[in-house]
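Novice: Have a look at this one.
Numbering (the working numbering), first residue to last: 194 to 654.
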């Protein structure tokens with residue numbers, strides 16, 4: 194069985210596909226933990242019950258033949274295939290030796306069982322318990338802090354610096370725990386191919402020294418075991434060589450995502466993805482405030498492709514965390530039309546922007562996770578910084594009226610590479626006067642209609 198590799202970059206994005214892949218690796222490690230424990234128990238039976246040596250050894254050989262070493266990646270190399278099949282050869286040797294009714298002597302428990310148990314408990318067990326619990330704890334703390342942070346209202350005079358600093362600390366801890374957990378899972382998967390197999394190979398190899406009969410079997414099997422040792426040593430050397438590079442990559446990746454003040458201009462990627470919150474708008478407004486269409490906010494994992502202009506949304510509620518396949522199956526895909534940033538005076542949430550798609554008439558109001566994340570969504574979607582939208586009578590894309598955006602391009606920026614945006618105080622003031630004038634015209638028109646209707650009634654009387 195071949196598993197998909199766990200990428201450090203995927204652990205940072207924390208997508209549903211990464212969670213499903215990580216779950217597959219955890220299931221594989223859990224199966225290995227159970228099978229290794231079974232092998233340990235069978236080894237103890239071989240040492241303690243010499244009278245039942247034949248039965249115990251054949252059961253042990255069967256377990257070895259059915260044991261599978263998982264390979265991480267898309268294809269298996271010759272060495273990986275060789276290591277994956279060597280346990281079956283070990284089982285074949287055990288059956289041959291049992292036919293000669295040989296006995297195992299020496300300090301087998303101290304030399305072989307303890308390393309296997311140590312690998313199972315300290316390597317696999319620690320990864321599946323301590324590192325996994327730490328990862329789940331930091332993940333829960335980060336997303337809990339993030340939801341509280343995003344629910345801070347701008348109506349109150351809140352100082353967001355403390356909240357932003359706390360969120361940044363939780364995010365760094367979560368990224369660090371995620372990278373560490375992925376590295377531990379990959380490390381155990383790699384170490385299993387040389388530590389576990391090497392120990393078992395030595396265990397099987399030691400039998401031949403203590404057998405009174407079977408020198409011919411020993412000579413025939415020795416080249417195979419030597420080849421196992423060579424390939425295991427080669428695999429171990431490759432692991433040691435790439436381990437330092439992996440540590441450096443972890444450090445750089447963590448620094449690039451958590452370094453404060455790193456706002457240098459990066460090229461806009463062709464695909465933007467991440468978590469956002471979408472406002473579930475009610476059809477009939479119950480209250481009148483800064484945001485007319487009030488509703489609850491639902492968490493989604495969204496992916497946007499600049500080339501195809503396809504906008505994909507995957508539900509990320511509490512139910513989908515345990516059933517990622519069901520969530521992916523319910524993915525909603527739209528043809529992207531346009532997007533615009535919401536002005537501060539139109540909604541009481543931070544980092545909000547509107548998205549229009551061809552399949553829906555209603556505007557989808559989204560909330561990004563931060564100011565930087567909001568700018569990345571706007572840039573990826575080619576959001577028109579010179580235009581934004583304000584709601585008309587009905588909340589639909591067709592009835593949205595364009596108005597000058599709060600950010601206006603300064604004339605002094607024409608010669609520079611980066612645009613300079615002016616303040617929107619005068620724009621908001623003029624737009625407010627225009628809106629009041631239109632409302633006055635509507636009210637005046639209604640009064641004229643009422644007077645005309647009364648005169649018509651007098652004539653009829």
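Ideal Cβ positions, reconstructed from N, Cα and C, are used throughout, including at glycine.
Going by DSSP in three states, residue 523 sits in which element: helix, strand or coil?
Specialist: Residue 523: coil per DSSP, three-state reduction.
Novice: Output yes or no for whether 7 Å exceeds the beta carbon distance between residue 232 and residue 301.
Specialist: No. Outside cutoff.
Novice: Quick one: measure Cβ to Cβ for residue 265 and residue 196, integer angstroms, because I've assumed they're closer than 8 Å.
Specialist: Their Cβ separation, rounded to whole angstroms, is 5 Å, which keeps residue 265 and residue 196 in contact under 8 Å.
Novice: Within the continuous alpha helix (DSSP H) that includes residue 232, where are the two ends?
Specialist: Taken as a continuous stretch (DSSP letters only), the alpha helix (DSSP H) holding residue 232 covers 209-241.
Novice: Suppose you measure from the CA of residue 557 to the CA of residue 308; what does that come to, to the nearest Å?
Specialist: Computed Cα separation, rounded: 58 Å.
Novice: Exposed or buried, what is residue 449 when buried is set at 16 or more other beta-carbons lying within 10 Å of its beta-carbon?
Specialist: Its Cβ having fewer than 16 others within 10 Å, residue 449 is exposed.
Novice: I need the straight-line Cα distance from residue 258 to residue 288, nearest angstrom please.
Specialist: Approximately 11 Å, taken between the alpha carbons.
Novice: Pick helix, strand or coil for residue 650, following the three-state DSSP scheme.
Specialist: Helix.
Novice: Give a yes or no on whether the C-beta atoms belonging to residue 494 and residue 468 are separated by under 7 Å.
Specialist: In contact: residue 494 and residue 468 (Cβ atoms closer than 7 Å).
Novice: Tell me, to the nearest whole angstrom, how far the beta carbon of residue 334 is from that of residue 363; I am working on the premise that it is less than 8 Å.
Specialist: At roughly 6 Å, the Cβ-Cβ gap stays under 8 Å, so residue 334 and residue 363 are in contact.
Novice: Which of the three DSSP states, helix, strand or coil, is assigned to residue 467?
Specialist: Correct three-state label for residue 467: strand.
Novice: Within 10 angstroms of the Cβ of residue 389, are there 16 or more other Cβ atoms? Answer buried if so, exposed if not.
Specialist: Burial call: buried.
Novice: Thinking C-beta only, is residue 407 closer than 7 Å to residue 293?
Specialist: Closer than 7 Å, so yes.
Novice: Below 7 Å between beta carbons: does that hold for residue 275 and residue 397?
Specialist: No; because the gap between Cβ atoms is not below 7 Å, this pair is not in contact.
Novice: Closest by CA to residue 443, which one among 554, 647, 374?
Specialist: When each option's Cα is compared against that of residue 443, the closest is 374.
Novice: Roughly how many whole angstroms lie between the Cα atoms of residue 594 and residue 501?
Specialist: In this prediction, residue 594 scores a pLDDT of 39, lower than 50, which makes its location untrustworthy; the coordinate-derived value is nonetheless stated afterwards. Their Cα atoms are separated by approximately 27 Å.
Novice: Where does residue 309 fall in DSSP's three states?
Specialist: If DSSP states are grouped into helix, strand and coil, residue 309 belongs with the helices.
Novice: Below 8 Å, can you find three or more Cβ-Cβ pairs linking the segment 314-330 to the segment 423-430?
Specialist: Not touching, per the Cβ criterion.
Novice: Can you give the Cα-Cα distance for residue 146 and residue 205, rounded to whole angstroms?
Specialist: This structure gives no information on residue 146, because the portion of the chain shown stretches from 194 to 654.
Novice: Should residue 510 be labelled buried (16 or more other beta-carbon atoms within 10 Å of its own) or exposed?
Specialist: Classification for residue 510: exposed.
Novice: Just confirm the distance between the C-beta atoms of residue 462 and residue 370, as a whole number of angstroms; I'd bet it's less than 8 Å.
Specialist: Wrong, their Cβ atoms sit about 25 Å apart, outside the cutoff.
Novice: So for residue 424, helix, strand or coil by DSSP?
Specialist: Of the three classes helix, strand and coil, the one that applies to residue 424 here is helix, per DSSP.
Novice: The ligand ADP heavy atoms versus the CB of residue 416: any closer than 6 Å?
Specialist: As presented, the structure is devoid of all ligands, the ligand ADP included, so that no description of it is given.
Novice: Starting from residue 298 and walking both ways along the alpha helix (DSSP H), at which residues does that stretch end?
Specialist: That residue, residue 298, is in no alpha helix (DSSP H); it is neither H nor E in DSSP.
Novice: Rounded to the nearest angstrom, what separates residue 428 and residue 263 at their Cα positions?
Specialist: In a straight line, the C-alpha of residue 428 is about 14 Å away from that of residue 263.
Novice: Measuring straight from C-alpha to C-alpha, what distance separates residue 436 and residue 219?
Specialist: C-alpha separation (whole angstroms): 21 Å.
Novice: Assign residue 533 to buried or exposed, taking buried as 16 or more other Cβ atoms, counted over all protein chains shown, within 10 Å of its Cβ.
Specialist: Under this definition residue 533 is a buried residue.
Novice: From which residue to which residue does the alpha helix (DSSP H) around residue 560 run?
Specialist: That residue, residue 560, is in no alpha helix (DSSP H); its beta strand (DSSP E) goes 557-560.
Novice: If the criterion is Cβ atoms closer than 7 Å, does the pair residue 199 and residue 379 meet it?
Specialist: Yes, they are a contact pair.
Novice: How long is the line joining the alpha carbons of residue 208 and residue 314, rounded to whole angstroms?
Specialist: Between residue 208 and residue 314, the C-alpha separation is close to 30 Å.
Novice: In terms of DSSP beta bridges, what is residue 495 paired with?
Specialist: Answer is 467, 506, bridged to residue 495.
Novice: Could you say if the segment 563-572 and the segment 535-552 meet the contact criterion of at least three C-beta pairs nearer than 8 Å?
Specialist: Short answer: they touch.
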